[in-house]
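*Asks:* Mind having a look at this structure? Questions to follow.
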(Lines of atoms letter the chains of each structure in order from A and count residues from 1; the text may use other names and numbers.)
(Lines give C-alpha, C1' and ligand atoms only; values in the text may rest on other atoms or scores of the structure.)
Protein backbone atom coordinates (compact mmCIF):
# COMPACT_ATOMS: atom_id res chain seq x y z
CA UNK A 1 0.00 0.00 0.00
CA UNK A 2 1.39 3.42 -0.94
CA UNK A 3 2.12 6.10 1.66
CA UNK A 4 -0.64 8.27 0.20
CA UNK A 5 -3.17 5.45 0.48
CA UNK A 6 -2.12 4.85 4.09
CA UNK A 7 -2.53 8.56 4.82
CA UNK A 8 -6.02 8.62 3.33
CA UNK A 9 -6.99 5.46 5.20
CA UNK A 10 -5.76 6.98 8.47
CA UNK A 11 -7.71 10.19 7.87
CA UNK A 12 -10.85 8.22 7.00
CA UNK A 13 -10.54 6.10 10.15
CA UNK A 14 -10.07 9.17 12.32
CA UNK A 15 -13.05 10.89 10.71
CA UNK A 16 -15.25 7.86 11.38
CA UNK A 17 -14.07 7.81 15.00
CA UNK A 18 -14.92 11.50 15.31
CA UNK A 19 -18.40 10.91 13.88
CA UNK A 20 -18.99 8.17 16.42
CA UNK A 21 -17.87 10.42 19.28
CA UNK A 22 -20.23 13.16 18.14
CA UNK A 23 -23.03 10.66 17.68
CA UNK A 24 -22.59 9.35 21.21
CA UNK A 25 -22.49 12.90 22.57
CA UNK A 26 -25.77 13.77 20.90
CA UNK A 27 -27.61 11.00 22.75
CA UNK A 28 -30.65 9.09 21.70
CA UNK A 29 -33.51 11.25 20.51
CA UNK A 30 -31.59 14.51 20.83
CA UNK A 31 -32.79 17.10 18.38
CA UNK A 32 -29.99 18.28 16.16
CA UNK A 33 -30.47 21.59 14.37
CA UNK A 34 -28.86 22.91 11.22
CA UNK A 35 -26.18 24.78 13.18
CA UNK A 36 -25.13 21.61 14.98
CA UNK A 37 -25.01 19.70 11.68
CA UNK A 38 -22.89 22.47 10.20
CA UNK A 39 -20.64 22.27 13.25
CA UNK A 40 -20.31 18.51 12.86
CA UNK A 41 -19.45 18.88 9.17
CA UNK A 42 -16.84 21.56 9.92
CA UNK A 43 -15.34 19.54 12.76
CA UNK A 44 -15.01 16.40 10.65
CA UNK A 45 -13.63 18.32 7.68
CA UNK A 46 -11.20 20.30 9.83
CA UNK A 47 -10.05 17.27 11.79
CA UNK A 48 -9.53 15.11 8.71
CA UNK A 49 -7.46 17.74 6.93
CA UNK A 50 -5.58 18.62 10.13
CA UNK A 51 -4.54 14.97 10.44
CA UNK A 52 -3.63 14.80 6.75
CA UNK A 53 -1.52 17.97 7.02
CA UNK A 54 0.21 16.62 10.13
CA UNK A 55 0.99 13.34 8.35
CA UNK A 56 2.31 15.17 5.28
CA UNK A 57 4.50 17.38 7.46
CA UNK A 58 6.18 14.24 8.79
CA UNK A 59 9.41 14.74 10.72
CA UNK A 60 9.33 18.47 10.03
CA UNK A 61 6.66 18.91 12.72
CA UNK A 62 7.76 20.75 15.84
CA UNK A 63 6.11 22.87 18.49
CA UNK A 64 8.76 25.60 18.26
CA UNK A 65 9.50 27.08 14.84
CA UNK A 66 12.51 25.40 13.26
CA UNK A 67 13.45 24.81 9.65
CA UNK A 68 14.42 21.22 8.99
CA UNK A 69 12.76 20.83 5.58
CA UNK A 70 10.58 22.96 3.31
CA UNK A 71 7.43 20.85 2.85
CA UNK A 72 5.62 21.89 -0.35
CA UNK A 73 3.65 18.78 -1.37
CA UNK A 74 0.08 17.67 -0.72
CA UNK A 75 -2.02 20.15 1.25
CA UNK A 76 1.11 22.28 1.67
CA UNK A 77 1.15 22.95 -2.08
CA UNK A 78 -1.90 25.21 -1.59
CA UNK A 79 -1.76 26.35 2.05
CA UNK A 80 1.46 27.18 3.94
CA UNK A 81 -0.05 26.57 7.38
CA UNK A 82 -2.76 23.94 6.99
CA UNK A 83 -2.39 22.68 10.56
CA UNK A 84 -3.36 26.13 11.84
CA UNK A 85 -6.14 26.63 9.28
CA UNK A 86 -7.77 23.23 9.73
CA UNK A 87 -7.24 23.29 13.48
CA UNK A 88 -9.28 26.50 13.58
CA UNK A 89 -11.97 24.96 11.35
CA UNK A 90 -12.13 21.96 13.70
CA UNK A 91 -12.44 24.15 16.81
CA UNK A 92 -15.14 26.28 15.18
CA UNK A 93 -17.02 23.09 14.33
CA UNK A 94 -16.77 21.87 17.92
CA UNK A 95 -18.06 25.21 19.22
CA UNK A 96 -21.04 25.08 16.85
CA UNK A 97 -21.70 21.43 17.64
CA UNK A 98 -21.84 22.02 21.38
CA UNK A 99 -23.94 25.16 20.89
CA UNK A 100 -21.95 27.32 23.28
CA UNK A 101 -21.65 30.80 21.71
CA UNK A 102 -19.56 31.97 24.66
CA UNK A 103 -16.81 29.60 23.47
CA UNK A 104 -16.51 31.77 20.34
CA UNK A 105 -14.32 33.99 22.53
CA UNK A 106 -11.74 31.19 22.45
CA UNK A 107 -11.95 31.23 18.69
CA UNK A 108 -11.54 35.02 18.56
CA UNK A 109 -8.37 34.73 20.66
CA UNK A 110 -7.09 31.77 18.66
CA UNK A 111 -7.07 33.49 15.26
CA UNK A 112 -4.53 36.25 16.10
CA UNK A 113 -2.43 33.67 17.97
CA UNK A 114 -2.28 31.44 14.89
CA UNK A 115 -1.41 34.41 12.66
CA UNK A 116 1.40 35.37 15.04
CA UNK A 117 2.75 31.80 15.07
CA UNK A 118 2.57 31.59 11.26
CA UNK A 119 4.53 34.83 10.89
CA UNK A 120 7.15 33.58 13.34
CA UNK A 121 7.52 30.35 11.37
CA UNK A 122 7.70 32.30 8.11
CA UNK A 123 10.65 34.29 9.46
CA UNK A 124 12.49 31.11 10.42
CA UNK A 125 11.77 29.42 7.08
CA UNK A 126 12.74 32.49 5.07
CA UNK A 127 16.00 32.80 6.98
CA UNK A 128 16.82 29.13 6.30
CA UNK A 129 15.49 28.62 2.75
CA UNK A 130 15.60 32.16 1.33
CA UNK A 131 14.43 32.43 -2.27
CA UNK A 132 12.95 28.93 -2.29
CA UNK A 133 10.64 29.88 0.59
CA UNK A 134 9.75 33.26 -0.95
CA UNK A 135 8.77 31.53 -4.23
CA UNK A 136 6.71 28.98 -2.28
CA UNK A 137 5.02 31.73 -0.26
CA UNK A 138 4.14 33.63 -3.46
CA UNK A 139 2.07 30.71 -4.81
CA UNK A 140 0.33 29.59 -1.61
CA UNK A 141 -2.30 30.98 0.76
CA UNK A 142 -1.67 31.70 4.47
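In the working numbering, the protein residues as written are 121 to 262.
All C-beta atoms, glycine included, are put in the ideal place defined by N, C-alpha and C.
So is residue 176 buried or exposed if we call it buried at 16+ other beta carbons inside 10 Å?
*Replies:* The residue in question, residue 176, is buried, as its Cβ has 16 or more Cβ neighbours within 10 Å.
*Asks:* Looking at C-alpha atoms only, which residue of 135, 179 and 159 is the closest neighbour of residue 213?
*Replies:* Cα-wise, what sits closest to residue 213 is 159.
*Asks:* If we ignore side chains and look at the alpha-carbon of each, how far apart do residue 157 and residue 218 end up?
*Replies:* One C-alpha to the other measures close to 10 Å.
*Asks:* Under 8 Å Cβ to Cβ from residue 198, same chain only, skipping five residues before and after it: list those, please.
*Replies:* Around residue 198: 260 and 261.
*Asks:* Could you spell out where the alpha helix (DSSP H) holding residue 207 opens and where it closes?
*Replies:* Where residue 207 is concerned, the enclosing alpha helix (DSSP H) stretches over 202–218.
*Asks:* Ignore the nearest five residues each way along the sequence and tell me which others in residue 234's own chain have a CB closer than 7 Å to its CB.
*Replies:* Result list for residue 234: 204 and 208, in chain order.
*Asks:* Name the residue from 210, 223, 195 and 178 whose alpha carbon lies nearest to the alpha carbon of residue 164.
*Replies:* Looking at the Cα atoms, 210 is the closest of the given residues.
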